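Here is the structure we will look at, set down as structure tokens.
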Amino acid sequence: MTETVGRRGKTTSGAPAGDAPPGRRRRHGRLRRLLRLRSVRALLLVLAVCFGWFCWSMSEALTAPGDDSVTARVAEWGRDHHLAPLVTWLETQQYNLHPPKTGGRPTIALRPTGPAAPTTSSHPVALPPRLLSPAGAALPGEGSWQVLRTVNGRPAVLGAYLRPDTEHTSYVAAVASLDPAVLRFELHPGAVDPGPANWGVPYSVPAGARSKLVATFNGGFKVRESSGGFFLNGVTKGALTSGAASLVLYRDGHVAVGAWGRDVSMNA
13 MTETVGRRGK TTSGAPAGDA PPGRRRRHGR LRRLLRLRSV RALLLVLAVC FGWFCWSMSE
73 ALTAPGDDSV TARVAEWGRD HHLAPLVTWL ETQQYNLHPP KTGGRPTIAL RPTGPAAPTT
133 SSHPVALPPR LLSPAGAALP GEGSWQVLRT VNGRPAVLGA YLRPDTEHTS YVAAVASLDP
193 AVLRFELHPG AVDPGPANWG VPYSVPAGAR SKLVATFNGG FKVRESSGGF FLNGVTKGAL
253 TSGAASLVLY RDGHVAVGAW GRDVSMNA
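Just so it is clear: in the sequence shown, position 35 is 47 by my numbering, and no numbers are missing.
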């Protein structure tokens with residue numbers, strides 16, 4: 013130690029260069045004693061393992077195939093790891109802070125863009141009636157059908173645009189109509205939801221079968237989140253719940269929607 017004289021003649025103590033102040037030495041000593049405890053080392057090991065698992069799991073979610081945003085992928089990860097109430101609460105807060113715009117007009121043309129799919133003279137286009145707009149008086153093109161895809165010259169997929177309600181009039185919902193007379197519907201399980209099982213079919217449409225693929229869409233709800241069920245080729249995940257809205261695809265390729273147990277049910 014050395015002694016120095018202050019500006020007003022008071023004697024003060026100073027530490028040689030490179031020595032830590034006494035307070036810092038005491039903190040370092042306490043830290044070393046804590047690290048010697050087996051319980052502390054075990055806790056740190058558990059935390060390191062959990063952090064490593066979190067980094068691996070989140071990276072899997074962020075790099076999975078698809079075009080979802082980072083926010084959507086993180087929310088999906090949370091729902092898949094028992095954090096659904098927290099995700100729902102955060103989404104509600106976000107909605108309250110930034111509610112959807114009210115009023116205004118759409119910034120896009122209210123009819124499907126691009127050229128209409130060609131049809132043959134033997135199959136003239138008989139489009140369904142124009143859809144009524146939930147927003148009231150229709151804007152130009154709103155609710156009008158356009159042929160988006162044909163099969164052997166026959167209209168197979170039609171599309172139209174609608175405003176969803178009288179309040180959010182600057183937003184647009186797309187409606188598609190698929191003709192079961194010229195299309196066959198097939199069911200493929202999700203690789204994650206409902207997940208692995210002996211489904212008897214691949215999770216996605218095989219590459220060799222995609223030349224005739226017209227459209228794909230998902231089931232809309234996670235099995236666990238909807239408290240519903242998924243059935244395919246004798247295997248069930250979740251529970252087929254009476255009264256629940258159900259999408260049913262039959263072996264002959266047609267499709268039905270209805271309340272389970274009332275409008276649609278299990279058959280041969």
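C-beta atoms are modelled at their ideal positions from N, C-alpha and C, and glycine is treated no differently.
Small disclaimer: the values here were computed from a predicted structure and weren't measured.
query                                                                                                                               : result
Anticipated Cβ contact below 8 angstroms, residue 245 with residue 212, distance rounded                                            : 4 angstroms
Beta-carbon spacing of residue 74, residue 85 below 8 angstroms                                                                     : yes
Residues of its chain near residue 90, where Cβ-Cβ distance is below 8 angstroms and the 5 sequence neighbours each way are ignored : 96, 98 and 99
Residue 206 versus 241, 255 and 68, residue with shortest Cα-Cα distance                                                            : 241
Every unbroken alpha helix (DSSP H) inside the stretch 73-125 [4 residues or more]                                                  : 82-92 and 96-109
Residue from 170, 278 and 83 whose Cα sits closest to the Cα of residue 187                                                         : 170
Within 8 angstroms, strictly: CB atoms of residue 172 and residue 157                                                               : yes
Whole-angstrom distance between residue 215 and residue 235, CA atom to CA atom                                                     : 16 angstroms
Segment limits, alpha helix (DSSP H) that includes residue 235                                                                      : 235-238
Own chain partners of residue 183 with C-beta closer than 8 angstroms, once the 5 adjacent residues on each side are dropped        : 112, 113, 118, 175 and 176
Between the CA atoms of residue 225 and residue 142 - distance to the nearest angstrom                                              : 27 angstroms
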